[in-house]
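> Count along the sequence shown from 1, then add 7; that gives the number in the working numbering. Just dropping this structure here.
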Amino acid sequence: TYNNVVGTLTGTTYPDQYFILGAHYDSVSGAPGANDNGSGVAGVLSVAQSFTACSFEYSLLFIAFDCEELGLRGSSDYVSSHVIGNTGNSLGMLNLDMIGWNYNQRDTLDLYSNVPALAQEVSNMATLYTSLSVEQEPYIPYSDHHPFNNAGVNAILLAEDNIFNDPNYHQST
Numbered sequence: 008t009y010n011n012v013v014g015t016l017t018g019t020t021y022p023d024q025y026f027i028l029g030a031h032y033d034s035v036s037g038a039p040g041a042n043d044n045g046s047g048v049a050g051v052l053s054v055a056q057s058f059t060a061c062s063f064e065y066s067l068l069f070i071a072f073d074c075e076e077l078g079l080r081g082s083s084d085y086v087s088s089h090v091i092g093n094t095g096n097s098l099g100m101l102n103l104d105m106i107g108w109n110y111n112q113r114d115t116l117d118l119y120s121n122v123p124a125l126a127q128e129v130s131n132m133a134t135l136y137t138s139l140s141v142e143q144e145p146y147i148p149y150s151d152h153h154p155f156n157n158a159g160v161n162a163i164l165l166a167e168d169n170i171f172n173d174p175n176y177h178q179s180t
């Protein structure tokens, strides 16, 4: 048994069309999950809290997925239940996974996407609105963005720089 947690900020003009910001809240056995992926969930919650005073034409969904570490079950189930056959309503998905470790103190995020134009736009927005730099990386199928991409929804993974070099990855530290 597992549960996804979904919050909705309903759009003013197109309430049935939405963008998703998501992260997984489960962790591996023996690891507390502070960075993988408490950091991503904290990012989703922070954005959701910041946006509550705003209105948008399109709806925004803030989703904490369960069972990412057990084969992307939460996001796959969400896609099967809410997206498949209804992809016109899902306009895009941004996944935050492991955004808390700052490799070499570079303030850099890696962006994994198979949609170059969208990746460039996200990179441009990060440059415009934050002090972070974004490096585009080849697509990887290892997180909750992947089921959305498989269903035809443009989805991006944002993660810390050099995600697989994090010495605390899936560790009790």
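Glycine included, each C-beta is placed from N, C-alpha and C at the ideal position.
Does the separation of the CB atoms of residue 76 and residue 33 fall below 7 Å?
As a working mapping, residue 76 is identified with position 69 in the sequence shown. As a working mapping, residue 33 is identified with position 26 in the sequence shown. Taking 7 Å as the Cβ cut-off, residue 76 and residue 33 qualify as a contacting pair.
> In the region 119–159, which residue ranges form an unbroken beta strand (DSSP E) of at least 3 residues, counting only runs that do not cross its ends?
Taking only runs of at least 3 residues, the beta strand (DSSP E) segments lying wholly in the region 119–159 are 140–144.
> How many Å lie between residue 15 and residue 69 at the Cα?
Start at 1 with the first residue of the sequence shown, and residue 15 comes out as number 8. Start at 1 with the first residue of the sequence shown, and residue 69 comes out as number 62. Cα to Cα, the separation comes out at about 6 Å.
> Quick check on this structure: which residue in 8, 30, 17 has the alpha carbon closest to the alpha carbon of residue 149?
Here the question's residue 149 lines up with position 142 in the sequence shown. Nearest Cα to residue 149 within the set 8, 30, 17: 30.
> Would the beta-carbon of residue 50 fall within 7 Å of that of residue 103?
Locating residue 50 in the sequence shown gives position 43, counting from the first residue. Locating residue 103 in the sequence shown gives position 96, counting from the first residue. Their beta carbons are under 7 Å apart, which means residue 50 touches residue 103 by this criterion.
> Looking at the unbroken beta strand (DSSP E) that takes in residue 85, where does it start and where does it end?
Position 78 of the sequence shown, counted from the start, is the residue given in the question as residue 85. First-last for residue 85: 80–85, but that is the alpha helix (DSSP H), not the beta strand (DSSP E).
> Would residue 119 be called buried (16 or more neighbouring beta carbons within 10 Å of its own) or exposed?
By 1-based counting over the sequence shown, the position of residue 119 is 112. Buried, since its Cβ has 16 or more Cβ neighbours within 10 Å.
> CA-CA distance, residue 37 and residue 54?
The residue labelled residue 37 in the question sits at position 30 within the sequence shown. The residue labelled residue 54 in the question sits at position 47 within the sequence shown. For residue 37 and residue 54, the distance between alpha carbons rounds to 29 Å.
> Use the C-beta contact count for residue 159: other C-beta atoms within 10 angstroms, 16 or more gives buried, fewer gives exposed.
Here residue 159 corresponds to residue number 152 of the sequence shown, with the count starting at 1. Exposed, by the Cβ-count rule.
> In terms of alpha-carbon separation, which member of 87, 72, 164, 108 lies closest to residue 123?
Here residue 123 refers to the residue found at position 116 of the sequence shown. When only C-alpha atoms are compared, the closest one is 164.
> Roughly how many whole angstroms lie between the Cα atoms of residue 176 and residue 107?
In the sequence shown, the residue the question calls residue 176 occupies position 169. In the sequence shown, the residue the question calls residue 107 occupies position 100. If you take the alpha carbons of residue 176 and residue 107, they lie about 11 Å apart.
> DSSP puts residue 166 in a beta bridge; with which residues?
In the sequence shown, counting from the first residue as 1, residue 166 sits at position 159. Under DSSP, the beta-bridge partners assigned to residue 166 are 117.
> Provide the residue(s) that pair with residue 69 in DSSP beta bridges, ordered along the chain.
The residue labelled residue 69 in the question sits at position 62 within the sequence shown. Note: residue 69 sits in a beta bridge opposite 14, 28.
> Ends of the beta strand (DSSP E) at residue 101?
Numbered from its first residue, the sequence shown carries residue 101 at position 94. 97–103 is the span of the beta strand (DSSP E), which, as asked, contains residue 101.
> Throw me the rounded Cβ distance for the residue 27 and residue 100 pair, which I believe falls under 8 Å.
Locating residue 27 in the sequence shown gives position 20, where the first residue counts as 1. Locating residue 100 in the sequence shown gives position 93, where the first residue counts as 1. Sure, about 4 Å apart at Cβ, within 8 Å.
> How many angstroms separate the CA atom of residue 172 from the CA atom of residue 44?
The sequence position of residue 172 within the sequence shown is 165, counting from 1. The sequence position of residue 44 within the sequence shown is 37, counting from 1. Looking at the two C-alpha atoms, the distance is approximately 16 Å.
> To the nearest whole angstrom, what separates the beta carbons of residue 116 and residue 151, a pair I think is in contact under 8 Å?
Numbered from its first residue, the sequence shown carries residue 116 at position 109. Numbered from its first residue, the sequence shown carries residue 151 at position 144. The C-beta distance from residue 116 to residue 151 rounds to 16 Å, too long to meet the 8 Å contact threshold.
> Are there 16 or more other CB atoms within 10 angstroms of the CB of residue 42, so buried, or fewer, so exposed?
Here residue 42 refers to the residue found at position 35 of the sequence shown. With 16 or more other Cβ atoms within 10 Å, it is buried.
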